[in-house]
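Asks:
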């Protein structure tokens, strides 16, 4: 038999549970302000942006990396307009690209690349490259297909950019992907996959920016302004992320 005192205690317990339930509902719904309004006001990563004009020009930029053994690496990269030239009997615009990598105070790789393209609209024709590690060797690569970037970049999308070959062999491909960065920019990742330059010429293996697989990442603002932020390469078997 339930006594009057027990009934009173039970009613008080139920009242407490009701109050707790109501309080919990207010927390979830942010009664009187608080959590939900703060969440709604929190910034969100940029989801789309105008595509940058190609080629992307980059003033001399220094990036740092460390390998799994703790060695300090430094890379310098630049990409500038270099006037007009002739490539495969076509008058083309040239872009001069320089990429130098040092481990400590020792220069490990120095690459000089000239890319050739038509403009308005941009259409790559090919490139010529040399490596300091293989002096006197010149590799000429011809672009055989090209897919332009979409006019608007959207986070999560990816696709082909270009493909081609070196002579009658050694195909290369370039692709892109778009990933989130911050409320004011998104990442455009441009990946190159080339045959190893050294193996192609019967030399020891050597991979760098334009040989093997590499990825260059740019931060793209909503208006399409591009800033170099990261270069990922593997050099002599060492995977490096310069940033």
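Numbering (the working numbering), first residue to last: 594 to 836. Glycine is no exception: its CB is placed at the ideal position from the N, C-alpha and C atoms. Treat the numbers as computed from the prediction; the structure is a model and nothing was measured.
The beta strand (DSSP E) with residue 775 in it runs from where to where?
Replies: Locating residue 775 in the chain shown gives position 182, counting from the first residue. Looking at the DSSP string, the run of the beta strand (DSSP E) that includes residue 775 is 762-775.
Asks: Closer than 7 Å by C-beta to residue 689: which residues in its own chain qualify, once you throw out the five before and the five after it? Chain order, please.
Replies: In the chain shown, the residue the question calls residue 689 occupies position 96. Correct list, in chain order: 673, 675 and 707.
Asks: How many Å lie between residue 781 and residue 808 at the Cα?
Replies: On the chain shown, position 188 is the one that residue 781 refers to. On the chain shown, position 215 is the one that residue 808 refers to. Distance between the alpha carbons of residue 781 and residue 808: 10 Å.
Asks: If residue 691 sits next to residue 678, beta carbons under 8 Å apart, how far is it from one beta carbon to the other, in whole angstroms?
Replies: As a first step, residue 691 must be located in the chain shown, where it is residue number 98. As a first step, residue 678 must be located in the chain shown, where it is residue number 85. Incorrect: roughly 17 Å between the Cβ atoms, too far for contact.
Asks: Any idea what DSSP makes of residue 831, helix, strand or coil?
Replies: Residue mapping note: residue 831 aligns to position 238 of the chain shown, counting from 1. The answer is strand: DSSP assigns residue 831 an E or B state.
Asks: Using alpha carbons as the reference points, say which of 728, 750, 747 and 755 lies closest to residue 736.
Replies: If you number the chain shown from 1, residue 736 lands on position 143. Comparing Cα positions, the closest option is 755.
Asks: Measuring only the C-alpha atoms, how far is residue 777 from residue 783?
Replies: Counted from its first residue, the chain shown places residue 777 at position 184. Counted from its first residue, the chain shown places residue 783 at position 190. Distance between the alpha carbons of residue 777 and residue 783 is about 20 Å.
Asks: Kindly indicate which three-state DSSP category residue 739 falls into: helix, strand or coil?
Replies: Within the chain shown, residue 739 is the residue found at index 146, counting from 1. Three-state result, residue 739: strand.
Asks: What residue from 766, 818 and 759 has the CA that sits closest to residue 752's CA?
Replies: Counting from 1 along the chain shown, the entry for residue 752 is found at position 159. Taking only the C-alpha atoms, the option nearest residue 752 is 766.
Asks: Leaving aside the five residues before and after residue 733 along the sequence, list all residues of the same chain whose C-beta is less than 6 Å from its C-beta, in chain order.
Replies: Sequence index remark: in the chain shown, residue 733 carries index 140 (1-based). Counting only Cβ-Cβ distances below 6 Å, and skipping sequence neighbours, we find 721.
Asks: Can you tell me the Cα-Cα spacing of residue 805 and residue 826, whole angstroms?
Replies: In the chain shown, counting from the first residue as 1, residue 805 sits at position 212. In the chain shown, counting from the first residue as 1, residue 826 sits at position 233. Taking the straight line from one Cα to the other gives about 8 Å.
Asks: What is the rounded straight-line gap between the Cα of residue 628 and the Cα of residue 710?
Replies: Reading the chain shown from its first residue, position 35 is the one you call residue 628. Reading the chain shown from its first residue, position 117 is the one you call residue 710. Any reading at residue 628 must be qualified, since the residue scores a pLDDT of 37, below 50, and its modelled position is unreliable; no value is offered.
Asks: Which of the three DSSP states is assigned to residue 789 in this structure?
Replies: In the chain shown, the residue the question calls residue 789 occupies position 196. Reduced to three states, the DSSP call for residue 789 is coil.
Asks: Which of the three DSSP states, helix, strand or coil, is assigned to residue 754?
Replies: Sequence index remark: in the chain shown, residue 754 carries index 161 (1-based). Three-state result, residue 754: strand.
Asks: Do residue 813 and residue 645 have their C-beta atoms closer together than 9 Å?
Replies: Here residue 813 refers to the residue found at position 220 when the chain shown is read from its first residue. Here residue 645 refers to the residue found at position 52 when the chain shown is read from its first residue. Yes, these two residues count as a Cβ contact at 9 Å.
Asks: In the structure shown, what three-state DSSP assignment does residue 728 receive?
Replies: Position 135 of the chain shown, counted from the start, is the residue given in the question as residue 728. Correct three-state label for residue 728: coil.
Asks: Would a C-beta distance cut-off of 9 Å place residue 763 and residue 728 closer than the cut-off?
Replies: One-based indexing of the chain shown puts residue 763 at position 170. One-based indexing of the chain shown puts residue 728 at position 135. Contact: no.
Asks: Run through DSSP, which three-state label would residue 748 get?
Replies: Numbered from 1 along the chain shown, position 155 holds the residue referred to as residue 748. Three-state result, residue 748: coil.
Asks: Do we get a CB-CB distance below 9 Å when we pair residue 751 with the residues of chain E?
Replies: Considering every chain present, this structure includes no chain E. It has just one protein chain.
Asks: Rounded to whole angstroms, what's the CA-CA distance from residue 685 to residue 640? Just pull it up for me.
Replies: Here the question's residue 685 lines up with position 92 in the chain shown. Here the question's residue 640 lines up with position 47 in the chain shown. The alpha-carbon atoms of residue 685 and residue 640 are separated by roughly 35 Å.
Asks: On the DSSP letters alone, give me the boundaries of the beta strand (DSSP E) that residue 683 sits inside.
Replies: As a working mapping, residue 683 is identified with position 90 in the chain shown. Element bounds for residue 683: 683-696.
Asks: Buried or exposed for residue 668, please, with buried defined as at least 16 other CB atoms from any protein chain shown within 10 angstroms of its CB.
Replies: The sequence position of residue 668 within the chain shown is 75, counting from 1. Buried is the call here.
Asks: Can you tell me whether residue 759 is buried or exposed, with buried defined as 16 or more other CB within 10 angstroms of its CB?
Replies: Sequence index remark: in the chain shown, residue 759 carries index 166 (1-based). Residue 759 comes out buried.
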